[in-house]
Each structure stands twice: as C-alpha cells, then as structure tokens.
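Quick note, the sequences are listed as chains A and B, same order.
Heads up: the first sequence at position 106 corresponds to 108 in this note's numbering, and the numbers run straight through without jumps.
Heads up: the second sequence at position 90 corresponds to 92 in this note's numbering, and the numbers run straight through without jumps.
C-beta atoms are modelled at their ideal positions from N, C-alpha and C, and glycine is treated no differently.
Take a look at the structure set out below.
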Amino acid sequence: MKINERSLPQGMILDIQGDLTYANRTVFKAAIEKAKQACCKNLILNFEQVRFVDSAGLGLLVLTAQSLKRVQSKVSLLKPQIYVREVMSLANIPTMIPIYEREEDALTVRAA
Amino acid sequence: MMKSNVMKSARQAAGLSVQSEASVATILLVEDEPVTRASMVARLTRLGYRVLEAENGRVGLDVARREHPDLLIVDWMMPEMDGPTLCEAVRRDPLLKSSQLLLMTGQDQPAQIAEGLSRGADDFLSKSASKQEIIARVLAGLRTSRLVRELETTGNHLESSLLLLKRSQEETEADLQAAASFIRSQLPSQGSLAHGIVLSWEYQPSLLLGGDLFGVMAIDEDNLALYILDASGHGVAAALRSVSLMTFLRVDNILQLIGSYDPGKVLFEANRRFPLSADGEYFTLWVGQLHLPTGSLLYASAGHAGALLSSAQSPSRWLTRSSFPLGFDPSAQFACDRLFLKPADRLFLLSDGIYEVPSSNGEVWGRVRFQEVIDAGRQTSLSATIASSFSAARCWQQAQQFSDDAAIMGLELTESRERTFI
Numbered sequence: 003m004k005i006n007e008r009s010l011p012q013g014m015i016l017d018i019q020g021d022l023t024y025a026n027r028t029v030f031k032a033a034i035e036k037a038k039q040a041c042c043k044n045l046i047l048n049f050e051q052v053r054f055v056d057s058a059g060l061g062l063l064v065l066t067a068q069s070l071k072r073v074q075s076k077v078s079l080l081k082p083q084i085y086v087r088e089v090m091s092l093a094n095i096p097t098m099i100p101i102y103e104r105e106e107d108a109l110t111v112r113a114a
Numbered sequence: 003m004m005k006s007n008v009m010k011s012a013r014q015a016a017g018l019s020v021q022s023e024a025s026v027a028t029i030l031l032v033e034d035e036p037v038t039r040a041s042m043v044a045r046l047t048r049l050g051y052r053v054l055e056a057e058n059g060r061v062g063l064d065v066a067r068r069e070h071p072d073l074l075i076v077d078w079m080m081p082e083m084d085g086p087t088l089c090e091a092v093r094r095d096p097l098l099k100s101s102q103l104l105l106m107t108g109q110d111q112p113a114q115i116a117e118g119l120s121r122g123a124d125d126f127l128s129k130s131a132s133k134q135e136i137i138a139r140v141l142a143g144l145r146t147s148r149l150v151r152e153l154e155t156t157g158n159h160l161e162s163s164l165l166l167l168k169r170s171q172e173e174t175e176a177d178l179q180a181a182a183s184f185i186r187s188q189l190p191s192q193g194s195l196a197h198g199i200v201l202s203w204e205y206q207p208s209l210l211l212g213g214d215l216f217g218v219m220a221i222d223e224d225n226l227a228l229y230i231l232d233a234s235g236h237g238v239a240a241a242l243r244s245v246s247l248m249t250f251l252r253v254d255n256i257l258q259l260i261g262s263y264d265p266g267k268v269l270f271e272a273n274r275r276f277p278l279s280a281d282g283e284y285f286t287l288w289v290g291q292l293h294l295p296t297g298s299l300l301y302a303s304a305g306h307a308g309a310l311l312s313s314a315q316s317p318s319r320w321l322t323r324s325s326f327p328l329g330f331d332p333s334a335q336f337a338c339d340r341l342f343l344k345p346a347d348r349l350f351l352l353s354d355g356i357y358e359v360p361s362s363n364g365e366v367w368g369r370v371r372f373q374e375v376i377d378a379g380r381q382t383s384l385s386a387t388i389a390s391s392f393s394a395a396r397c398w399q400q401a402q403q404f405s406d407d408a409a410i411m412g413l414e415l416t417e418s419r420e421r422t423f424i
C-alpha cells in the first residue's frame, strides 16, 4: 500500500494506492496518525486506487472517523470503486463517513 | 619419539598488534629440519607467541589434536607424514576446524601452491621469507582463526537458540491444534438436524484458528436459532473474540438476558456488549430464528454479508440489509425481516471470505459469481453444492488456502411436512 499526502488550504488528501486490509493496517494507521498530528481538520481519503477493503480495513475507517470526531475534525471518502462501495454500503459506512465523487466537492462541502 | 615443547613467550618485539594476537595465540611448528625449526621457534617466541613444535606430520597431528593450536606452520617435505597429508588430516578433524594451516615450502610454483590449497592449506610461507612477511602471514592466519572460532561460538549459540525456538514452536503448535479442535467441536453436527432439515457445512480458517463461527441451536421444540459471526482480523486474537461472542449467543444465555431469541434484540444486546476495540476490531453477525412447523424465518444482520436463500422456483437472493457491524454505533437498532421457507429451499449462511478471493490479476470473485455456483448446484446435494463453491473459489484464486476465513453453512428443507427435532 502506498499513501501520498497532499496538503491543501481546505484540508488534507491522502491518495491511497493498494488494498486496505489487515496486512496493510500499520501503513494506514501511520498515515492517519500523521494527519492528526498535523491538526488536519478535513481529511479526505482518496479511494480511487483502492481495489479492496477487508473487514479489518473497515474497522480502521470507523476508528479514524471516531478519533477525528473527538478532535472536531472530519473525514470523507473520495471515489471508491464499485466493489469497495458495496462493502461500505453493506456496513452502513456512508452514514458515518460521507462519500464524494469529486475532489472539489469533498473539499468545499466538508470545509464549510 | 615425540618431541614437543611448550616455549614461554618472550613478549617482546614486533609492535602492539603482534603482542595483542600473541597474548592468546598458540602456534604449532611442524618441521623435520632441527636447525630451521629452532630458528623459527626462536623467532616466533620472540614475537610473543606460545610455540609448540613437532618434527614430522604424525607427531604434529597428535600435538594438534591435544592442544588445538590457533595456527599450524607446516613444512612440505617431512618423513612419516608430509605437510599436505597433515593438512588433509587436520581438515578432516571437526575439532580442528578453526586451526589455520600455513604450509612452508622452498618453492612457490603455481602447481605446488594449487596442490597445497586443494589439500587443505590456507596460506603459504616461503622458507626464505623476510621477518616482515612471516609476521604478516602469521597475523593473517591468527586473525582468520579467531574469526572462525567466533563464528563457531555464534553458530553454537544459534543452534541452541534454534532448538529452543523449535521446541517452543512445537508447544505453541500443539496448543493451537488443541484450541482449533475445541472450536471445531463447538460447530454443529452435520446431517439430519431435525426431521425435515438437513445441515451441511464447510469451513476453512485462513490460519490454524479462525475468527468465523456459526451455529444452529434448538430454542424450544419448534424453533431453531441460527447464526454466523465474523470477527475482523485473523488468528488467535480473532478466534478468542469469536468464542466469546459464540458463548454469548448460547440459547440459555440469550433467553436469560432478553427473554427471547428475537434476532433484532439479540443484535442490539450484542452491539451493547461488544464495542469496537481500540485497534478497530469488531464483529459482523447474522442471526435468524426458524419456526419449524411453519418455515417462518425471522432474521437480522449487523453488517454481515449475510445469508443466501436458494429456492427451486426462483433465483437465489441475499437475506441482508445495510446495517452497522457490532460496536460501530452504540445506539444502533437492527431491523428484522421475515420470510417463509418452503420444502426444497436451501438457506446458506456464509462468511465473506468465501467470495472475497482475488484472481491472479487482483479481480475479486465476488457475490454474483458465488451466487451463480449456488444456483447451478440446485441439481446436486447440499454438501456437493457447498463443496463446489469452495472448489470454484479456489480455482479463481488458484490457491488451496484462503487469505481470510471461509465458511458456508447450508440448511435444506426436505419435502417432509413434519419438522420436529430428532
């Protein structure tokens, strides 16, 4: 898994490449922790290049949402692929973490 | 007669590095010519080494086996046993592995050097070598000897550690096997579950212990409780958490806690008791209650991929709805759905590990392909259909072992009208 970080005035985007799974949890957690340390108030996880999310990956997403909420920060998902979207939907994730199709929307809506 | 002699070190001359080596090093000089031997012994002794001497190869081998010298300086031509033969004998002796062999020769022809090396010598020393060259070659030989001894010591430690590690692994493996057997013993028996209901399942944990569990239990004489749970993550930790939830789901426990096996209420209570862990670990759970006389199935899901209903009359369909897994939202409610099972209907409870298998290019097999295998299996037995699903998944991923726990439990209602427990 590779995670590229982009800092913008309206928030931070993590471009994630690879599967979000139990095996990759350490890399993901480190990236989230770094974003929190940077006091990011609007974190956007770009899932365009994420092909698969397993149950452990879902747990990490929810932990991320909960921990950011505690520090008055927000997290959203950008452009998840169809299969990932199905998995998210089954676990009702979109009611907890908003999903956007366009980067501008994620930045403007969430920053508002 | 053997003539060996331990000489006291003179501890003089030749600088610090030589003295440092000399403080521990023992050199055995094997030379038949008395004058040359005495001269060399004197020279080495002056350099501070402990020097032993022998007048031929046979005597030299005896001394070497007794004293384990760091370095042997061996003449080529000697009576009884020549230098190269002594080198071969030393190399064959495992207790002399670290001793370095410096072969002395009056010539330095390439063919002779090659023969000496092939017969076990580590280096060569010309009989006409200067004092500086002798010191340099002796130091090099002693340095190698010390390194080989250090390697031997390290190797011995590694060997002992490896042995301990192997024993420890065997014990852990035995413990895990026992735990896996226990967990397997908690899974339902296959075959006729009740008059009119057949049960079959297949389960392959990704590791020795799995985090997916399922069960079928009698609530009373007319009702069955069914569930399948999936702990996020793998291995021992996931298995332990699963057993904890499995214990919670026991009929006597649930009836005591909430008074019925209503799936929505079971999930609500489980959601309260099994929060998301600090590491993001959680469960998904599907729970059903089957009323045997009528075939009424009441079910609810907490984020679980759920169950699949396969009917003779229509294509299979999933029995699940979008819902939070356990622990995601402490206030979550879990709605129930109801349907009526008919004779010949098959109900499959399954973990996502069975269809979330990637092909060699990363494409996931998926729910739709899994469903097609289930539909195609209508003409075969329940157990054969389950086996086909596993085969198809393995074929897709081109591997026998699953990367996640894979489980399918299937129930089939036979044509019998009366469904009661055996």
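Proximity of A/Ser78 to chain B, defined by a Cβ-Cβ separation below 8 Å, is not satisfied.
What B/Tyr284 touches in chain A, judged by beta-carbon distance under 7 Å, is Gly61, going in chain order. Closer than 9 Å at the C-beta level to chain B, one finds these residues of the segment 18-48 of chain A: Asp21, Thr23, Tyr24, Ala25, Arg27, Lys31. With a cutoff of 8 Å on beta-carbon distance, B/Leu103 and B/Leu74 are scored as near each other.
By the neighbour-count criterion, in which 16 or more other beta carbons inside 10 Å mark a residue as buried, B/Pro81 falls on the exposed side.
In this structure the segment 180-200 of chain B touches the segment 215-235 of chain B; the number of beta carbon pairs closer than 8 Å is three or more. Our two residues, B/Ser163 and B/Glu154, have alpha carbons roughly 14 Å apart in a direct line. DSSP places B/Phe330 outside both helix and strand once states are collapsed to three, so it counts as coil. Against chain A, the CB of B/Leu278 has a partner CB under 8 Å away; the residue lies at that interface. A Cβ of chain A is located within less than 8 Å of the beta carbon of B/Glu358.
The C-alpha of B/Ala386 lies about 23 Å from the C-alpha of B/Leu231. If you ignore the 5 residues before and after B/Leu269, its C-beta comes within less than 7 Å of the C-beta of Leu287, Val289, Ala302, Ala304, Phe336, all in its own chain and listed in chain order. Taking 8 Å as the cut-off, the beta carbon of A/Met90 is found no closer than this to the beta carbon of A/Leu45. For B/Phe216, no chain A residue has a C-beta closer than 7 Å to its own C-beta; the minimum C-beta separation is roughly 16 Å.
Judged by DSSP secondary structure, B/Met83 falls outside any alpha helix (DSSP H); it is assigned neither H nor E. In the DSSP assignment, A/Asn44 is bridged to A/Lys76. Under the 8 Å criterion on CB atoms, A/Leu70 is classed as non-interfacial with respect to chain B. The beta carbons of B/Glu414 and B/Leu384 sit about 5 Å from each other, so the pair counts as a contact at 8 Å.
For the segment 206-238 of chain B, the residues whose beta carbon sits under 7 Å from a beta carbon of chain A are, in order, Asp232, Ser234, Gly235, His236. Contact check for B/Glu175 and B/Ser234: beta-carbon distance about 25 Å, past the 8 Å limit, so the pair fails to qualify.
Within a 10 Å sphere around the beta-carbon of B/Gly261 sit fewer than 16 other beta-carbons, which makes this residue exposed. When rounded, the separation of the alpha-carbon atoms in B/Leu127 and B/Trp78 is 10 Å. Against chain A, the beta carbon of B/Gly364 has neighbours under 9 Å at Asp21, Arg53, Phe54, listed in chain order.
Counting only residues of its own chain and dropping the five nearest sequence neighbours on each side, B/Ala395 has a CB closer than 8 Å to the CB of Ile356, Tyr357, Val359, Trp367, Phe372, Phe404, Ala408. For A/Ser91, the residues of chain B that pass the 8 Å Cβ criterion are Ser324, in the order they occur in the chain. The Cβ atoms of B/Asp124 and B/Thr146 sit closer than 8 Å to each other. With fewer than 16 other Cβ atoms inside 10 Å of its own Cβ, B/Gln134 counts as exposed.
By alpha-carbon distance to B/Ser279, the top candidate from B/Ala240, B/Ile256, B/Ala309, B/Val245 is B/Ala240.
Against chain B, the CB of A/Leu109 has no partner CB under 8 Å away; the residue lies outside that interface. Secondary-structure assignment with DSSP links B/Ala233 through a beta bridge to B/Phe285. Apart from sequence neighbours up to five positions away, the residues of its chain that approach A/Pro82 with a beta-carbon distance below 6 Å are Phe49, ordered along the chain.
Under DSSP, A/Ile5 shares a beta bridge with A/Ile18.
For A/Thr97, no alpha helix (DSSP H) segment is defined, and its DSSP state is neither H nor E.
In the three-state DSSP reduction, B/Asn58 falls in the coil class, being neither helix nor strand.
Interface annotation, B/Gly143: not in contact with chain A, CB-CB separation never under 8 Å. Taking a beta-carbon distance threshold of 8 Å, B/Phe270 does not count as an interface residue toward chain A.
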